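Notes follow the structure.
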Amino acid sequence: MHFNPELPPLRNQLINRVPMGSVIKCMVYYRENFWRKKGYCGSMVIEEEGAPIGFTLDDTKPDGTVPCIMGFILAHKCRKLSSLSKEERLRRICEIYSKVLGTDEALHPVHYEEKNWCEEEYSGGCY
């Protein structure tokens, strides 16, 4: 990365020596927000060692359209799961959502998007 005007030398050293976190942001879209119908808010903290996702938020639009659970694959899990295909990551995510939410509806997303922040040219990570 280059700056114009150049940054002070100590600032350049800091940028080069402070590692960025490893994060994949995952957006799983569904036909309906089934979790709300079960009385859940969509926010989950999943501490199971084998779970790909660490925490989630309900990212459904305020009017209830575009039902989505947004989750984050963090740290060592991100580095490990980055070697898998996008499809395999989605499968594992849906399986843990199904387990935590207690419904097979989580196994049937209609769309999936993800952003691997480690692949960002300028930041090389997140957090």
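Numbering (my numbering), first residue to last: 115 to 241.
Idealized CB from N, CA, C, for every residue including glycine.
No experiment lies behind these values; they were computed from the predicted model shown.
Bridge pairing for M134: absent [DSSP].
In the DSSP assignment, L195 falls within the unbroken alpha helix (DSSP H) covering A189 to L195. Between V132 and C240, the C-beta spacing is not below 8 Å.
Selection Q127, I160, E120 and V142 evaluated against V180 yields V142 as nearest (Cα-Cα).
Around the beta-carbon of N230, 16 or more other beta-carbon atoms lie within 10 Å, marking it buried.
DSSP, reduced to helix, strand and coil, places K175 outside both helices and strands of the structure shown, so it counts as coil. For K151, the enclosing alpha helix (DSSP H) starts and ends at F148 to K151.
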